[in-house]
Amino acid sequence: MHLRPAEPSDFSATASMSVDAFWNDELYAYTNIWREQYPEHFRHFFLRRHRLRYWSAGYIFHVVVTDEGDKDHDEGGKVVGYAIWQRRGTSEAAKHWQKQTRRALLEETLLEAAEFYNQTLRLDKSLDYDRLGIFRTESVQDFNAISEMWKLQNLCVHTDFQRRGIGSMMIKWGQEQAEKEGCPIGLESSMVARPVYLKNGFRIYGNMHIKDFPLDDVPIFIWEPKGMEGKWGVQEGK
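In the UniProt record's numbering, the protein residues as written are 1 to 238.
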């Protein structure tokens with residue numbers, strides 16, 4: 001298996017993979033409360049997100065793809081995992097990742113307009129738009145005290161390929177970038193993913209408290225480059 005930049009032709013696979021992997025995830029149980037009644041809308045929720053983040057400035061979208069001869073899977077070219085990163089900050093290192101072509105800017109503008117239309121008319125019948133708004137409001141404030149960082153926005157592994165090190169492979173890319181740039185990585189974690197992040201050297205930085213969420217606290221994790229452990233402390237007010 002190998003890691004490569006995502007392509008638009010991958011989005012159908014990443015959206016379908018997300019439905020299976022996140023069906024019982026507490027976040028989507030909170031935001032997409034009608035996913036059982038509208039499973040195709042739930043899939044399109046991911047499809048819209050992946051398209052928008054692929055074209056948006058500062059986002060880096062990777063997929064893991066099988067190679068011929070991989071253990072228990074002879075077929076090459078199957079997308080079995082993805083990671084979506086966001087580079088936050090105003091440094092030269094951050095600006096390098098935030099560059100955008102004219103086409104990307106146009107695509108992002110059109111997709112943002114389509115998303116505004118979708119939200120205004122509440123076209124996604126799987127989604128509780130009010131709850132999604134609450135979660136987004138909390139999540140954009142999670143690392144307010146850290147000006148320069150990589151944020152792991154999404155990490156997903158195909159349900160048939162879990163526990164094979166795919167998640168760690170994708171995380172390693174971000175750790176290598178953060179090491180070079182001297183900044184941390186941050187993320188919010190579901191219950192099932194916490195062991196993966198702890199195994200890869202993350203620590204709890206704080207918690208999000210969200211009204212009516214299935215869990216009392218949503219843990220916020222941080223990873224710091226070697227020699228910089230503890231530099232960013234803990235979340236303000238914690």
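Quick reminder that beta carbons are idealized off the backbone N, C-alpha and C, glycines included.
On a predicted model such as this, the values are computed, not experimentally measured, just so you know.
Extent of the continuous beta strand (DSSP E) run through residue i
| i | result |
| --- | --- |
| Ile171 | Not the beta strand (DSSP E): Ile171 falls in the alpha helix (DSSP H), residues 166-181. |
| Arg4 | 2-5 |
Spatial neighbours of residue i in its chain, beta-carbon cut-off 7 angstroms, leaving aside the 5 residues before and after
| i | result |
| --- | --- |
| Tyr38 | Lys125, Ser126 |
| Gln119 | Tyr129 |
| Trp34 | Lys125, Ser126 |
| Ser56 | Glu108 |
| Val218 | Glu188, Asn207, Met208, Ile210 |
Local conformation of residue i per DSSP, three classes
| i | result |
| --- | --- |
| Trp97 | helix |
| Arg88 | strand |
| Asp130 | helix |
| Glu188 | strand |
| Asn207 | strand |
| Pro219 | strand |
| Asn32 | coil |
| Asn118 | helix |
| Leu123 | coil |
| Ala104 | helix |
| Glu112 | helix |
| Asp160 | helix |
| Phe213 | coil |
| Glu138 | helix |
| Glu224 | coil |
| Glu229 | coil |
| Phe46 | helix |
Residues near residue i by beta carbon distance below 6 angstroms, same chain, minus five either side
| i | result |
| --- | --- |
| Glu68 | Gly76 |
| Tyr28 | Phe22 |
| Lys78 | Thr66 |
| Ser18 | Phe46, Cys156 |
| Lys238 | For Lys238, the pLDDT reaches just 48, beneath the cut-off of 50, and the residue's location in the model is therefore unreliable, although a value from the coordinates is still provided. Excluding sequence neighbours, Lys238 sits near Gly206. |
Extent of the continuous alpha helix (DSSP H) run through residue i
| i | result |
| --- | --- |
| Val157 | Unbroken run through Val157 is the beta strand (DSSP E), 149-157; no alpha helix (DSSP H). |
| Tyr38 | Where Tyr38 is concerned, there is no enclosing alpha helix (DSSP H), given that its DSSP letter is neither H nor E. |
| Phe22 | 11-22 |
| Pro195 | 194-199 |
Cβ shell of residue i (< 8 angstroms), same chain only, five flanking positions each side left out
| i | result |
| --- | --- |
| Pro8 | Arg51, Tyr54 |
| Met170 | Leu3, His62, Val64, Gly81, Tyr82, Ala83, Leu155 |
| residue 240 | Outside the modelled stretch of the chain, which goes from 1 to 238, sits residue 240, for which no answer is possible. |
| Ser139 | Glu188, Met208 |
| Glu229 | none |
Residue from the options whose Cα sits closest to the Cα of residue i
| i | options | result |
| --- | --- | --- |
| Met149 | Leu198, Ala57, Pro184 | Pro184 |
| Leu187 | Asn200, Asp142, Gly227 | Asp142 |
| Gly133 | Phe116, Ser147, Thr159, Glu224 | Phe116 |
| Thr159 | Gln175, Asp25, Pro5 | Asp25 |
| Val196 | Lys226, Gly165, Gln175, Gly233 | Gly165 |
| Trp223 | Asp216, Asn200, Trp173 | Asn200 |
| Arg43 | Trp97, Ser147, Ala15 | Ala15 |
C-beta neighbour in chain D for residue i, strict 8 angstroms
| i | result |
| --- | --- |
| Ile146 | In summary, chain D is missing from the structure at hand, where a single protein chain is found. |
- Message: Give the list of continuous alpha helix (DSSP H) stretches no shorter than 4 residues that lie fully inside the region 48-82.
- Response: Entirely contained in the region 48-82, not one alpha helix (DSSP H) run reaches 4 residues.
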